[in-house]
Amino acid sequence: MRVTHLGHACLLVSIADRRILIDPGNFSSGFEDLRDLDAIIVTHNHPDHFDPGPAGRVVRDNPNASVHTDPLTAEKLREEGLPARPTRQGEPFEVGDVTVHPVGELHAFNHPAMERIPNVGVVLRADGEPSLFHPGDAYDAEPGPVDVLAHPLNAPWAASRDSIAFVARIAPRAMTPIHDALLSDVGRRMYAGHIENFSGVEGLTYTDLRDGESTTF
Numbered sequence: 045m046r047v048t049h050l051g052h053a054c055l056l057v058s059i060a061d062r063r064i065l066i067d068p069g070n071f072s073s074g075f076e077d078l079r080d081l082d083a084i085i086v087t088h089n090h091p092d093h094f095d096p097g098p099a100g101r102v103v104r105d106n107p108n109a110s111v112h113t114d115p116l117t118a119e120k121l122r123e124e125g126l127p128a129r130p131t132r133q134g135e136p137f138e139v140g141d142v143t144v145h146p147v148g149e150l151h152a153f154n155h156p157a158m159e160r161i162p163n164v165g166v167v168l169r170a171d172g173e174p175s176l177f178h179p180g181d182a183y184d185a186e187p188g189p190v191d192v193l194a195h196p197l198n199a200p201w202a203a204s205r206d207s208i209a210f211v212a213r214i215a216p217r218a219m220t221p222i223h224d225a226l227l228s229d230v231g232r233r234m235y236a237g238h239i240e241n242f243s244g245v246e247g248l249t250y251t252d253l254r255d256g257e258s259t260t261f
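Residue numbers (our numbering): 45 to 261.
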């Protein structure tokens, strides 16, 4: 499995001969000209995870890609005449030989004045490949055992203690940070260091992918 971090929460995942784009938002770049995608997945309808203009063009430019989004984003895409299949927890679907397991239902609580919208994370699994969990904006989903965690490192809704506890609970073999656009280099090192030092996950490999960087798990 090859993972490319396209900034903030956006990942391009190549797994089992399939190319899957997750969360093309307005803090990300490099996804706008992607072609030959097999699937486009959106966890929730916030602009840093789904930027309607460029993400809509990617949907149009990849007519053979299946589009799977949380129910709210699916509704908005259909209003624009674009295809979208709503993802729901407990309803897995296939992208070639990849099984995608939707997990979670709601965005993390932020403030009483901010509505909690649907947030459906995804776990990608394929025979002979590591599994990957992208939770979107929530720490409460139950994905089961996963090899690679795309971990939201920082957010207005996140406290460091909850971030550390999330990694400890998921206990992945490897972790790569996402949701990092608001962090300076100093802040990035601090948040990541807290996780490495305090999560207690034995043998955890921390892979720090910056914007545009790729690695193979």
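All residues carry an ideal CB built from backbone N, CA and C; glycine is no exception.
All figures in this text were calculated on a predicted structure; none of them were measured in a lab.
query	result
From D255, S228 and S207, residue whose alpha carbon lies closest to that of E240	S207
Exposure label - T260; buried when at least 16 CB within 10 Å	exposed
Own chain partners of T109 with C-beta closer than 7 Å, once the 5 adjacent residues on each side are dropped	Just to set this straight, residue 109 is Ala in the shown sequence, not Thr. L81, D82, A83 and I84.
Rounded C-alpha distance that separates A60 from V167	14 Å
Unbroken alpha helix (DSSP H) run spanning G140, endpoints	No alpha helix (DSSP H) holds G140; DSSP gives it neither H nor E.
Sub-8 Å separation of S72 and L50 beta-carbons	yes
6 Å Cβ shell around T48 - same chain, five flanking residues per side excluded	L56 and S258
Cβ-based burial, V230 [other Cβ within 10 Å; buried from 16]	exposed
R63, buried or exposed, once every other Cβ within 10 Å from all chains shown has been counted against 16	buried
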